[in-house]
Amino acid sequence: MSDPVVREFLLGFWKIHILHHAEEQGVYGQWMLEELQRHGYRLSPGTLYPLLSRMARRGWLRATEPKRSRDARVYRITPAGAEVLKRLRASLAELQHEVGPRPSRASRPSARMSKSRRS
Ligand SMILES: [Zn+2]
Numbered sequence: 026m027s028d029p030v031v032r033e034f035l036l037g038f039w040k041i042h043i044l045h046h047a048e049e050q051g052v053y054g055q056w057m058l059e060e061l062q063r064h065g066y067r068l069s070p071g072t073l074y075p076l077l078s079r080m081a082r083r084g085w086l087r088a089t090e091p092k093r094s095r096d097a098r099v100y101r102i103t104p105a106g107a108e109v110l111k112r113l114r115a116s117l118a119e120l121q122h123e124v125g126p127r128p129s130r131a132s133r134p135s136a137r138m139s140k141s142r143r144s
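In terms of our numbering, the sequence shown has 142 at position 117, counting the first letter as 1, and numbering is strictly consecutive.
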């Protein structure tokens with residue numbers, strides 16, 4: 026994990042993604058690795074598993090120990106984690122509003138204004 030962009034930003038994105046799916050249906054390591062890969066992120070288990078246990082230590086996820094030792098440990102969101110996710114959703118919406126995809130040239134207010142002045 027030497028990529029500074031990963032360290033400074035993407036780790037946070039992945040944690041939000043984990044909280045989201047932990048709230049929806051619960052996650053386990055292999056599933057989450059595949060889900061993040063589907064979104065274009067190739068994480069190693071050595072990156073993901075410490076993330077999951079750190080989030081559990083912070084009280085945002087609760088791990089369910091598998092009945093059989095070979096089964097996966099499932100992480101579900103806790104009430105504290107749901108509270109964090111709620112806060113992050115508000116921050117995300119705010120950030121998305123400010124820095125999200127730029128409108129195309131034609132639909133920018135300035136472009137619209139100059140167009141309407143011409144007509
Ligand atoms: Zn997802």
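Backbone N, C-alpha and C fix where the C-beta goes; we use that ideal spot for every residue, glycine too.
Asked, Found
"Between Glu60 and the rest of its own chain, which residues show a CB-CB distance below 8 Å, the 5 nearest in sequence each way excluded?", "His42, His46 and Val52"
"Smallest Cα separation from Trp85: which of Thr103, Thr72 and Leu68?", "Thr103"
"Would you kindly work out how many angstroms separate the C-alpha atoms of Lys3 and Ala107, rounded to a whole number?", "Lying outside 26 to 144, the shown extent of the chain, residue 3 is not represented and no answer is given."
"Assign Val109 to one of two classes, buried (16 or more other C-beta atoms within 10 Å of its C-beta) or exposed (fewer than that).", "buried"
"So Arg87 is in the beta strand (DSSP E); what residue range does that whole segment cover?", "Leu86 to Thr89"
"Should Ser89 and Arg98 be called a contact, given that it needs their Cβ atoms to be closer than 8 Å?", "It is worth fixing the name first, because residue 89 is Thr in this sequence and not Ser. Cβ distance < 8 Å, so Thr89 and Arg98 count as in contact."
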